[in-house]
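Taken in order, the sequence shown gives residues 1 to 311; the numbers are from our numbering. Every residue, glycine too, gets a C-beta built ideally from N, C-alpha and C.
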Amino acid sequence: MNPRILGLHHITAIAGQAQRNYNFYSKLLGMHFIKKTVNFDDPNTYHFYYGDATGAAGTILTFFPWGDVVTGRPGVGQASAVSYSVPAGSFPFWMQRLEESQVPYQLLEERFGEPCLAFTDPDGLSLEFVISNTHDERVPWTTAEVGAEVALRGFHAVQLTLGRAAATVALLTEVFGYQLLRQQGGRCRLTTDAVPEAAIVDVIETVNGSQGHVAGGSVHHVAFRVADDATLQHFREVLVRRGLHVTPQIDRQYFHSLYFREPGGVLFEIATDNPGFLIDEPLAELGTHLLLPPQHEVRRAQITARLPQIL
Ligand code: ZN
């Protein structure tokens, strides 16, 4: 066993209305709606998963659509932006598509030599489309409106905004195998060579920043990827030895997970590749059923009655 963190696994955020979330990510951005399930800790709300064809790690953005949720407050101790890799030449398409849907966007100054298009989702979550310096080999999910020449490849990076960055950077470099690549302004870019993509964590230190509040439009947690349960257990032991409070391994149906709050305040998860999203739906039917884990299946009728219909 070579216990390595294999970049990002998924990122989970909090949304408001489920239908609006679905329209934005599935229809407008053309992501694959790979799983419709419930929040296992609160089965009266949905848990939506979006990704590529199979829901490969490093492409998966998930949401808890909580309905009438209060809007979060950006600040320190949060994952403050999610960035996706898109192909060179795709920005005109995306700018026109965002404009047609009245989504304001901003072309940012190049960051580490990479062009960046920034906008927010309907709940205020900060998103970025980035044209990566390195060729992204991932095969995209495509739709009738979003073809392969413009479609999202998967995560480029996650951005953390922290009051003090040192302890988080130490965790990422000493335990997670990331290296400090470059610094630009207040932004430190950390990368891992364990995977070719979804390998970047950007850390921004804002010493006098006020604490953020995680709610609608905020990232709830950032999940890093490991190959299997044995690797998960290895990292659990290492994190516990560092004095971090780590949950036991939890069965999330599609992966096995542990959670801990990193020293900068962001909720981190480590999640396995196994068993994957095909465990309860065939590939051609991903996202088409309401799927409940065994502990909630017995209450299917009550749960279904409370959830809004998604079209
Ligand atoms: Zn998660």
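Residue range of the unbroken beta strand (DSSP E) whose run includes residue i
{"i": "Y273", "result": "The sequence shown places Asp at residue 273, not Tyr. Note, D273: beta strand (DSSP E), L267 to P275."}
{"i": "P43", "result": "D42 to G51"}
{"i": "A81", "result": "Q78 to S85"}
{"i": "P115", "result": "E114 to T120"}
{"i": "Q106", "result": "Y105 to R111"}
{"i": "T37", "result": "H32 to N39"}
{"i": "T12", "result": "L8 to A15"}
{"i": "D202", "result": "I200 to E205"}
Cβ pair residue i, residue j closer than 8 Å
{"i": "V158", "j": "L8", "result": "yes"}
{"i": "H47", "j": "T37", "result": "yes"}
{"i": "P263", "j": "L171", "result": "yes"}
{"i": "P196", "j": "E137", "result": "yes"}
{"i": "Y84", "j": "F24", "result": "no"}
{"i": "T304", "j": "L290", "result": "yes"}
{"i": "P293", "j": "Q253", "result": "yes"}
{"i": "G212", "j": "G75", "result": "yes"}
{"i": "A199", "j": "T191", "result": "yes"}
{"i": "V175", "j": "C188", "result": "no"}
{"i": "F91", "j": "P104", "result": "no"}
{"i": "I34", "j": "Y50", "result": "yes"}
{"i": "I279", "j": "L232", "result": "no"}
Reference residue i, options the options, closest by Cα
{"i": "T12", "options": "A215, V298 and A227", "result": "A215"}
{"i": "D317", "options": "L291, E281, P282 and S257", "result": "Lying before the first or after the last residue shown, residue 317 is absent from the chain, which here runs from 1 to 311."}
{"i": "T142", "options": "R153, F40 and H135", "result": "R153"}
{"i": "F260", "options": "A166, F224, P293 and Q179", "result": "F224"}
{"i": "Y178", "options": "R187, D193, S83 and Q211", "result": "D193"}
{"i": "A56", "options": "F255, A301 and P294", "result": "F255"}
{"i": "L181", "options": "A167, V201, R73 and V175", "result": "V201"}
{"i": "E145", "options": "H135, A166, E128 and F93", "result": "F93"}
{"i": "C116", "options": "G124, L107 and D251", "result": "L107"}
{"i": "R164", "options": "E205, V139 and A148", "result": "E205"}
{"i": "F63", "options": "L267, R241 and H221", "result": "H221"}
{"i": "P65", "options": "T54, P140, I14 and S101", "result": "I14"}
{"i": "F129", "options": "V82, N208 and D123", "result": "V82"}
{"i": "P140", "options": "L6, A167 and D52", "result": "D52"}
{"i": "G113", "options": "S126, T134 and G209", "result": "T134"}
{"i": "P3", "options": "F277, G77, D121 and D229", "result": "D229"}
{"i": "H296", "options": "D42, H10, S26 and Q309", "result": "D42"}
{"i": "E109", "options": "Q78, L160, A151 and G185", "result": "G185"}
Residue interval of the alpha helix (DSSP H) (run including residue i)
{"i": "Y22", "result": "A18 to Y22"}
{"i": "T173", "result": "A166 to E174"}
{"i": "Q253", "result": "Neither: Q253 is in no alpha helix (DSSP H) and is coded neither H nor E."}
{"i": "R306", "result": "R300 to R306"}
{"i": "F93", "result": "F91 to E100"}
{"i": "P65", "result": "It is not in any alpha helix (DSSP H) - P65 instead sits in the beta strand (DSSP E) that spans I60 to P65."}
{"i": "E297", "result": "P294 to E297"}
(request) Anything with a beta carbon under 5 Å from a heavy atom of the ligand ZN counts; list them all in chain order. (result) This criterion selects T12, A223 and E269.
(message) Please give the ranges of any alpha helix (DSSP H) in the stretch 130-194, keeping only runs that are unbroken, at least 4 residues long and fully inside the region.
(response) Annotation: the stretch 130-194 contains the following complete segments of the alpha helix (DSSP H) (minimum length 4 residues), in chain order: 166-174.
(request) Any chance you could list the alpha helix (DSSP H) runs of at least 4 consecutive residues sitting entirely within the stretch 218-255, in chain order? (result) If we require 4 residues or more, the alpha helix (DSSP H) runs fully inside the stretch 218-255 come out as 229-241.
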